[in-house]
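**Student:** All residue numbers for the sequence shown refer to my numbering, where the first residue is 2 and numbers rise by one.
All C-beta atoms, glycine included, are put in the ideal place defined by N, C-alpha and C.
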Amino acid sequence: MQDKLENKFTMYKALESLLDANSAKLSPITALTPIIADFKDRIVAIQAKDDLANTADAGNTSTKANDEAALISDAVTIAAALYALGASTNDEHLKELSKVTKSSLKNLRDTQLTTQVSNIKNLADANSAALAGYGITAPMITDLDAKITAFNTSLGARELGSNVSSAAFQQMEIMFKETDKLLKEQMDKIMEIFRTSDPQFYSEYEQSREIIDLGHRFKDNDETPADPDTPDNP
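1) Classify Asn8 as buried or exposed, calling it buried when 16 or more other Cβ atoms lie within 10 Å of its own Cβ.
2) Measuring alpha carbon to alpha carbon, tell me which residue in Ile47, Pro35, Ala25 is nearest Ala180.
3) Near Tyr84, what residues of its chain come up, given a Cβ to Cβ distance below 7 Å and the 5 sequence neighbours on each side ignored?
4) Which residue's Cα is closest to the Cα of Ile44: Phe177, Ala82, Ala54?
5) Can you list, in chain order, the residues of its chain whose CB lies under 6 Å from that of Met188, leaving out five sequence neighbours each side?
6) Under a three-way DSSP split, which group does Asn91 fall into?
7) According to DSSP, is Val101 part of a helix, a strand, or is it coil?
8) Only counting the same chain, and skipping five residues up and downstream in sequence, which positions put a Cβ closer than 6 Å to that of Ala169?
9) Could you give the DSSP three-state label for Gln3: helix, strand or coil?
10) Buried or exposed: where does Asp75 fall if 16 or more other Cβ atoms within 10 Å of its Cβ makes it buried?
11) Can you tell me which of the three DSSP states Arg28 falls into?
12) In chain order, what residues of the same chain have a beta carbon less than 7 Å from the beta carbon of Asn128, not counting five sequence neighbours either side?
13) What number of angstroms, rounded off, separates the C-alpha of Ala125 from the C-alpha of Ala66?
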């Protein structure tokens, strides 16, 4: 949750606590009952959406990094044997195709890395008999293929998680706007009844509707500044 939304959500929670503490006082105002219930439901929904936004891609980045490291390590080992084979047989084409290092592979884009390692795997398949003398076995080549698949899977999972997280953050912005509208157009208006009949409670309500940001207070009917040091509405 962005800082400005976190500040606003804290205001929502403070307001919820005030409403709960004064439920007996508010119950005669029957028009408030469904509004308060709706407000509380929105708080729960926002919290759930924030949890989704923050956990959708949890662990996917580290998994992708681990799979990438394992893929590159095995690819470099097999490529080195292919290069040595090319050198011993004066096969300049084989040497050129297998001339890779860990750093050169790390610098590739994800899709380029998959293509490069797949080429190494195919070269190893084509030269598997000769590679046996260099310590490269058929299971090692098969394992490289499995690591390519694992890397592609983790790459897809990371992208999916990132998309889910991004969509959740966008939806949360809309949820905040809708909740603000509920408060401003309905709850705030109804609460005016207490301005004269119970000024102490009304003052507490007004204070609970203020958004606190780094020691500053901003009325909720003003735009919450993105940067607390440069508020749009000082």
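**Tutor:** Short version:
1) Numbered from 1 along the sequence shown, position 7 holds the residue referred to as residue 8. Buried is the call here.
2) Residue 180 sits at position 179 when you count from the first residue of the sequence shown. With the sequence shown as reference, residue 180 is identified as Thr, and Ala is not the correct amino acid for it. Closest option to Thr180, Cα to Cα, is Ile47.
3) The count along the sequence shown starts at 1 and reaches residue 84 at position 83. Correct list, in chain order: Lys96, Ser99, Lys100.
4) To locate residue 44, count along the sequence shown from 1; it is residue 43. Taking only the C-alpha atoms, the option nearest Ile44 is Phe177.
5) Against the sequence shown, residue 188 aligns to sequence position 187. So the list reads Ile36, once near-sequence residues are dropped.
6) Position 90 of the sequence shown holds residue 91. Asn91: coil per DSSP, three-state reduction.
7) Within the sequence shown, residue 101 is the residue found at index 100, counting from 1. Coil at Val101, not helix or strand.
8) Position 168 of the sequence shown, counting from 1, holds the residue named residue 169. Correct list, in chain order: Lys50, Leu53, Ala54.
9) As a position in the sequence shown, residue 3 is number 2, starting the count at 1. Coil, per DSSP.
10) Counted from its first residue, the sequence shown places residue 75 at position 74. Per the 10 Å Cβ criterion, buried.
11) As a position in the sequence shown, residue 28 is number 27, starting the count at 1. The amino acid at residue 28 is misidentified as Arg; the sequence shows Ser. It is coil, neither helix nor strand.
12) Against the sequence shown, residue 128 aligns to sequence position 127. Here the set comprises Leu83, Leu86.
13) Position 124 of the sequence shown, counting from 1, holds the residue named residue 125. Position 65 of the sequence shown, counting from 1, holds the residue named residue 66. Whole-angstrom Cα-Cα distance: 24 Å.
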